[in-house]
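Colleague: Following this message is one structure expressed as structure tokens.
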Amino acid sequence: MKYLFVALLGLLIGAGLAGTALYFNPFTVHTGAAPAAGDRVLRYSLPDQVLTAAVGEDAMLAGRSKTVDGLWEETIDRTAVLGLVLTDESGQPVAIASRLMAGSPSTDLLLTGVVLSDYWLVTLPGQGTLFVRSDSNVWPFLKETLLPVWLFDRPWRGPAVYRPTVGPNAGNTASVLGVAGVFEGKSGSAVERYDVTAFSPAQNSAAAVGELFVHLPEQQVAQQ
Amino acid sequence: MRALFLLGIVLGFGGTLAAAHWVPWISHQRLPSQTTVVANGGRAEQFLIRLPADRIAATDAKAGGLRSAGADSAMVLPAKFVAEPLLVEHYKVRDSTGQVVGIAARHWASGDHGMTATWSVVVPARGSLVLRAPGEKSGALDTALQRAGYTPGSVWEGTLEVALVPGGTVAGGTGDFAGLSGSYTETWKITGVDANGAMRGTIELYTVTRIP
Chain D
1 MKYLFVALLG
11 LLIGAGLAGT
21 ALYFNPFTVH
31 TGAAPAAGDR
41 VLRYSLPDQV
51 LTAAVGEDAM
61 LAGRSKTVDG
71 LWEETIDRTA
81 VLGLVLTDES
91 GQPVAIASRL
101 MAGSPSTDLL
111 LTGVVLSDYW
121 LVTLPGQGTL
131 FVRSDSNVWP
141 FLKETLLPVW
151 LFDRPWRGPA
161 VYRPTVGPNA
171 GNTASVLGVA
181 GVFEGKSGSA
191 VERYDVTAFS
201 PAQNSAAAVG
211 ELFVHLPEQQ
221 VAQQ
Chain Z
1001 MRALFLLGIV
1011 LGFGGTLAAA
1021 HWVPWISHQR
1031 LPSQTTVVAN
1041 GGRAEQFLIR
1051 LPADRIAATD
1061 AKAGGLRSAG
1071 ADSAMVLPAK
1081 FVAEPLLVEH
1091 YKVRDSTGQV
1101 VGIAARHWAS
1111 GDHGMTATWS
1121 VVVPARGSLV
1131 LRAPGEKSGA
1141 LDTALQRAGY
1151 TPGSVWEGTL
1161 EVALVPGGTV
1171 AGGTGDFAGL
1181 SGSYTETWKI
1191 TGVDANGAMR
1201 GTIELYTVTR
1211 IP
């Protein structure tokens, strides 16, 4: 009995040490690439420019109830659907985006972090439609913002800037496919950056300003 | 005793790290793919959307007509886009047996050379499929329903089949759908409209794909 207790105590201490190591693990907090000069910038503001949000029962978005427009079926209960208005750098609406998200099986708490598969369908009326496929590591946001404040009741130390894009392209960028209109047949890359400007679990509120930096060859033509 | 304690620490530490790395923390339930082989090569797969149950949201602009009116959750467009020919719809997607397998967005908008219709279909356990086609005429479904006897504001029962996209293109895909090319059709089979404009029926996306 004594031996069993000692072995269990050792296991628990080892697991605790590993948990601490995982929490401060530098491999899972790496951020995405910085946007390049000349990229087209599409901005959104949360929650102001959210047209609609449907969240899977086993998914979670900060500041939203899990029961709102729930996607309850087991095949989609870890997904979310967002409708967003995207603005240009001057703040004028230029695009509508449907952002379909699903937890990624490539999530690895040791090496990559908590990864979301992001599928953007972005339509710029009068121009065309883009499809953006992105892997987003949300572990830095969870670790620095959500868990300390929401789980451990610590005061929020914001604002905080995140660059979640970690793939699927080499160089930690998302892949862009021109689907229709002036973008048809083109391909490129993108990165996302967002700035959490307010976060209050007590008031069930959160605010963020996000930017999607899209790099397409000959995009100057499209911008005209 | 000390050796056992140290061994416990090592096993606890290593086991937790191994679990962090090897345990599939996120896995989506996968249903068997309902694909069939077509006679001239390639594979066919049909996705269904049941109305109104599978509608998640639609934009509220006039261009949407009944497709906007029947939505429980309206996406309120900014004023700049209200007069634009623009319709964004979000749906749940089923396989040909009627099981929900994914989520989808449909964008109907003006491009540089006329209207375009694009779909992003995401099946979490398999990947995503991107579809592209020339867009239907504005109010195409409303016009077809009115020809079939529907009067706005009234209840309509019947059977109407509208080939909204008679010939579209599979523009891309990821995961299981990566590298596929092919074609698709989009057919709306409407069986009724209630007094509030909510449609009953099925949207059928029929894809034929192959690896080039």
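Line order of the protein sequences matches chains D and Z. The numbering of the first sequence is the working numbering, which starts it at 1 and goes up by one. The numbering of the second sequence is the working numbering, which starts it at 1001 and goes up by one. No residue lacks a Cβ here, since even glycine has one placed at the ideal position from N, Cα and C. Note that this is a predicted model, so its numbers are computed, not measured.
#1: Please classify D:Leu-4 as buried or exposed, where buried requires at least 16 other C-beta atoms within 10 Å of its C-beta.
#2: Can you name the residues that DSSP bridges to D:Glu-184?
#3: Mark D:Leu-8 as exposed unless 16 or more other C-beta atoms lie within 10 angstroms of its C-beta, in which case mark it buried.
#4: State buried or exposed for D:Val-81, treating a residue as buried only when at least 16 other CB atoms are found within 10 Å of its CB.
#5: Taking a contact to mean a Cβ-Cβ separation below 8 angstroms, would you say Z:Val-1088 touches D:Gly-83 in this structure?
#6: Report the partner residues of D:Ala-53 according to the DSSP bridge assignment.
#7: Any contact between the segment 1039 to 1049 of chain Z and the segment 1014 to 1023 of chain Z? By contact I mean 3 or more CB pairs, one from each, below 8 angstroms.
#8: I'd like to know if Z:Arg-1050 contacts chain D, where contact means its C-beta is closer than 8 angstroms to some C-beta of that chain.
#9: Using the beta-carbon count (16 or more within 10 Å), is Z:Phe-1036 buried or exposed?
#10: Measure from the C-beta of D:Arg-64 to each C-beta in chain Z and report whether the shortest distance is under 8 angstroms.
#11: Pull up the DSSP beta-bridge partners for Z:Ile-1214, would you.
#12: Return the first residue and the last residue of the alpha helix (DSSP H) that Z:Thr-1143 is part of.
#13: Short of 7 angstroms in beta carbon distance, which residues of its chain neighbour Z:Leu-1031, apart from the five on each side in sequence? Order them along the chain.
#14: Smallest Cα separation from D:Leu-116: which of D:Val-214, D:Ser-104, D:Leu-124, D:Val-50?
#15: Which partner residues does Z:Gln-1046 have in the DSSP bridge list?
#16: I want to verify the contact list: residues of chain D whose CB lies under 7 angstroms from the CB of Z:Val-1100, in sequence order.
#17: Should Z:Gly-1012 and D:Gly-14 be called a contact, given that it needs their Cβ atoms to be closer than 8 angstroms?
#18: In terms of residues, what are the limits of the beta strand (DSSP E) holding Z:Pro-1193?
#19: Comparing alpha-carbon positions, which option in D:Ser-134, D:His-215, D:Ala-180, D:Lys-143 lies nearest Z:Gly-1175?
#20: What does DSSP give as the partner residue(s) for D:His-215 in the beta ladder?
#21: Just checking my contact of Z:Ile-1103 with Z:Val-1122 at CB under 8 angstroms: how many whole Å lie between their CB atoms?
#22: My guess is that Z:Val-1170 and Z:Leu-1205 are in contact by the Cβ rule of under 8 angstroms, so how many angstroms apart are they, rounded?
#23: Can you tell which of D:Phe-141, D:Val-94, D:Ser-98, D:Val-6 has its C-alpha closest to the C-alpha of D:Tyr-162?
#24: Please report the straight-line C-alpha distance between D:Leu-17 and D:Gly-171, rounded to a whole angstrom.
#25: From Z:Ser-1139 to Z:Gly-1064, what distance separates their C-alpha atoms?
Modeller: On the basis of the coordinates in this document:
#1: For the purposes of this step, residue 4 of chain D is taken as residue 4 along the first sequence, with counting starting at 1. Taking all protein chains shown into account, D:Leu-4 has fewer than 16 neighbouring C-beta atoms within 10 Å of its C-beta and is therefore exposed.
#2: Reading the first sequence from its first residue, position 184 is the one you call residue 184 of chain D. DSSP output for D:Glu-184 lists no bridge partner at all.
#3: Locating residue 8 of chain D in the first sequence gives position 8, counting from the first residue. Exposed, since its Cβ has fewer than 16 Cβ neighbours within 10 Å.
#4: By 1-based counting over the first sequence, the position of residue 81 of chain D is 81. Within a 10 Å sphere around the beta-carbon of D:Val-81 sit 16 or more other beta-carbons, which makes this residue buried.
#5: Taking the first residue of the second sequence as position 1, residue 1088 of chain Z is located at position 88. Taking the first residue of the first sequence as position 1, residue 83 of chain D is located at position 83. Between Z:Val-1088 and D:Gly-83, the C-beta spacing is below 8 angstroms.
#6: Here residue 53 of chain D refers to the residue found at position 53 when the first sequence is read from its first residue. Beta-bridge partners of D:Ala-53 (DSSP): D:Leu-82.
#7: Contact between the segment 1039 to 1049 of chain Z and the segment 1014 to 1023 of chain Z is absent, with fewer than three C-beta pairs closer than 8 angstroms.
#8: Position 50 of the second sequence holds residue 1050 of chain Z. Cβ-Cβ to chain D under 8 angstroms: no for Z:Arg-1050.
#9: Sequence index remark: in the second sequence, residue 1036 of chain Z carries index 36 (1-based). The sequence given here places Thr at residue 1036 of chain Z; Phe does not occur at that position. Residue burial is scored here from C-beta neighbours: Z:Thr-1036 has fewer than 16 other C-beta atoms within 10 angstroms and is therefore classed as exposed.
#10: Residue numbering aside, residue 64 of chain D sits at position 64 when the first sequence is read from its first letter. With a pLDDT of 49 at D:Arg-64, under the threshold of 50, the predicted position of this residue should be treated as unreliable, though the coordinate-derived value follows. For D:Arg-64, the answer is no, since every Cβ of chain Z falls outside 8 angstroms of its Cβ.
#11: Lying before the first or after the last residue shown, residue 1214 of chain Z is absent from chain Z, which here runs from 1001 to 1212.
#12: Residue mapping note: residue 1143 of chain Z aligns to position 143 of the second sequence, counting from 1. Z:Thr-1143: member of the alpha helix (DSSP H) spanning 1140 to 1147, first to last residue.
#13: In the second sequence, counting from the first residue as 1, residue 1031 of chain Z sits at position 31. Within the same chain, Z:Leu-1031 has close Cβ partners Asp-1095, Gln-1099, Val-1101.
#14: One-based indexing of the first sequence puts residue 116 of chain D at position 116. Nearest Cα to D:Leu-116 within the set D:Val-214, D:Ser-104, D:Leu-124, D:Val-50: D:Ser-104.
#15: Counted from its first residue, the second sequence places residue 1046 of chain Z at position 46. Per DSSP, Z:Tyr-1206.
#16: By 1-based counting over the second sequence, the position of residue 1100 of chain Z is 100. Chain D residues near Z:Val-1100: Glu-73, Thr-75, Ile-76.
#17: Position 12 of the second sequence holds residue 1012 of chain Z. Position 14 of the first sequence holds residue 14 of chain D. Going by C-beta atoms, Z:Gly-1012 is nearer than 8 angstroms to D:Gly-14.
#18: Counted from its first residue, the second sequence places residue 1193 of chain Z at position 193. Residue identity check: residue 1193 of chain Z is Val in the sequence provided, not Pro. Boundaries of the beta strand (DSSP E) around Z:Val-1193: 1181 to 1193.
#19: As a first step, residue 1175 of chain Z is located in the second sequence; it is residue number 175 there, counting from the start. When each option's Cα is compared against that of Z:Gly-1175, the closest is D:Ser-134.
#20: Residue 215 of chain D sits at position 215 when you count from the first residue of the first sequence. For D:His-215, which the question treats as bridged, DSSP gives the partners D:Ser-189.
#21: Against the second sequence, residue 1103 of chain Z aligns to sequence position 103. Against the second sequence, residue 1122 of chain Z aligns to sequence position 122. Rounded, the Cβ-Cβ distance is 5 angstroms, consistent with contact.
#22: Taking the second sequence and counting its residues from 1, one reaches residue 1170 of chain Z at position 170. Taking the second sequence and counting its residues from 1, one reaches residue 1205 of chain Z at position 205. With a beta-carbon spacing of about 11 angstroms, Z:Val-1170 and Z:Leu-1205 fall beyond the 8 angstroms limit used to define contacts.
#23: As a position in the first sequence, residue 162 of chain D is number 162, starting the count at 1. In terms of Cα proximity to D:Tyr-162, the closest of D:Phe-141, D:Val-94, D:Ser-98, D:Val-6 is D:Phe-141.
#24: In the first sequence, the residue the question calls residue 17 of chain D occupies position 17. In the first sequence, the residue the question calls residue 171 of chain D occupies position 171. Cα to Cα, the separation comes out at about 32 angstroms.
#25: As a first step, residue 1139 of chain Z must be located in the second sequence, where it is residue number 139. As a first step, residue 1064 of chain Z must be located in the second sequence, where it is residue number 64. Note on identity: in this sequence residue 1139 of chain Z is Gly, with Ser being the wrong assignment. For Z:Gly-1139 and Z:Gly-1064, the distance between alpha carbons rounds to 7 angstroms.
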